[in-house]
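Structure first, then comments.
Numbering (my numbering), first residue to last: 189 to 408.
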């Protein structure tokens with residue numbers, strides 16, 4: 189699994205036309221950040237591949253069996269691979285996959301914007317389009333206890349926010365003068381320490397009758 193920082197960095201490099209946070213939200217929703225993830229239409233693939241080699245081999249086997257699959261970080265559908273410049277090998281490479289995913293989302297956003305104008309409404313419709321190739325299916329719940337695709341996108345977007353971007357300016361900072369420092373009073377010695385000192389003084393004042401070789405004090 190790729191960490192959030194790695195996904196954001198890849199998005200900046202490989203999908204520059206889409207905001208990195210937007211791309212990261214899509215990736216987490218589609219593949220949980222797994223570049224080798226495979227989705228199969230109509231079924232859940234429980235045992236996911238752990239390496240690119242495993243992913244390629246599994247994808248080839250599934251396609252040979254007639255399965256319709258999606259692959260990689262953005263879960264790009266196999267029917268779009270050729271026109272997006274992907275193959276069964278490159279779909280599992282992070283950068284080519286993100287580049288292709290951003291093209292699909294960008295195309296969906298352009299189509300949505302043409303109908304409803306630019307903005308968040310068009311972006312939510314674009315996510316629905318990315319998911320199902322129409323502007324409404326992504327808003328439907330996936331089951332009685334399962335959220336819609338758009339709810340997943342929104343929830344993952346919130347989780348990815350973390351520490352917000354700095355937007356305050358120097359003029360927004362209200363500085364205050366340092367408070368006057370008071371000289372601290374010397375701390376009172378602990379009672380136990382005082383008692384220990386008294387015992388030590390008493391021992392030092394007592395005559396030492398033990399012999400120097402009697403280290404255990406058995407003979408005195």
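No residue lacks a Cβ here, since even glycine has one placed at the ideal position from N, Cα and C.
Spatial distance of residue i from residue j (CA atoms)
| i | j | result |
| --- | --- | --- |
| residue 278 | residue 324 | 30 Å |
| residue 403 | residue 367 | Low per-residue confidence applies at residue 403: pLDDT is 42, beneath 50, and the placement is therefore not dependable, though the value from the model is reported in the following sentence. Approximately 58 Å, taken between the alpha carbons. |
| residue 330 | residue 232 | 14 Å |
| residue 309 | residue 302 | 12 Å |
| residue 345 | residue 236 | 24 Å |
| residue 304 | residue 362 | 43 Å |
| residue 247 | residue 265 | 12 Å |
| residue 365 | residue 321 | 60 Å |
Limits of the unbroken alpha helix (DSSP H) element including residue i
| i | result |
| --- | --- |
| residue 347 | 337 to 349 |
| residue 290 | 282 to 304 |
| residue 312 | 308 to 320 |
| residue 244 | 240 to 252 |
Beta strand (DSSP E) segment containing residue i, residue limits
| i | result |
| --- | --- |
| residue 330 | 329 to 331 |
| residue 226 | 226 to 228 |
| residue 433 | Coverage of the chain is limited to positions 189 through 408, which leaves residue 433 absent and any answer about it impossible. |
| residue 220 | Careful: residue 220 lies outside any beta strand (DSSP E) and carries neither H nor E. |
| residue 359 | Per DSSP, residue 359 belongs to no beta strand (DSSP E) and is neither H nor E. |
| residue 257 | 257 to 259 |
Short Cβ contact (8 Å threshold) for residue i with residue j
| i | j | result |
| --- | --- | --- |
| residue 282 | residue 198 | yes |
| residue 412 | residue 203 | Since the first residue shown for the chain is 189 and the last is 408, residue 412 is missing from the structure and cannot be characterised. |
| residue 267 | residue 289 | no |
| residue 221 | residue 190 | yes |
| residue 307 | residue 280 | no |
| residue 285 | residue 358 | no |
Cβ separation of residue i and residue j, assumed to be a contact under 8 Å, to the nearest whole Å
| i | j | result |
| --- | --- | --- |
| residue 257 | residue 243 | Incorrect: roughly 10 Å between the Cβ atoms, too far for contact. |
| residue 297 | residue 319 | With a Cβ gap of about 13 Å, residue 297 and residue 319 do not count as contacting. |
| residue 314 | residue 293 | 6 Å |
| residue 327 | residue 316 | 6 Å |
| residue 192 | residue 212 | 7 Å |
Buried/exposed call for residue i, threshold 16 Cβ in 10 Å
| i | result |
| --- | --- |
| residue 356 | exposed |
| residue 241 | exposed |
| residue 229 | exposed |
| residue 412 | This structure cannot settle anything about residue 412, because the visible part of the chain is limited to 189 through 408. |
| residue 238 | exposed |
| residue 216 | buried |
| residue 334 | exposed |
| residue 400 | Legend: pLDDT at residue 400 = 46, less than 50; position of this residue unreliable, value from coordinates given subsequently. By the neighbour-count rule (16 or more Cβ atoms within 10 Å), residue 400 is not buried but exposed. |
Proximity test, Cβ basis, 8 Å: residue i and chain D
| i | result |
| --- | --- |
| residue 200 | Given the protein chain composition of this structure (a single chain), no chain D is represented. |
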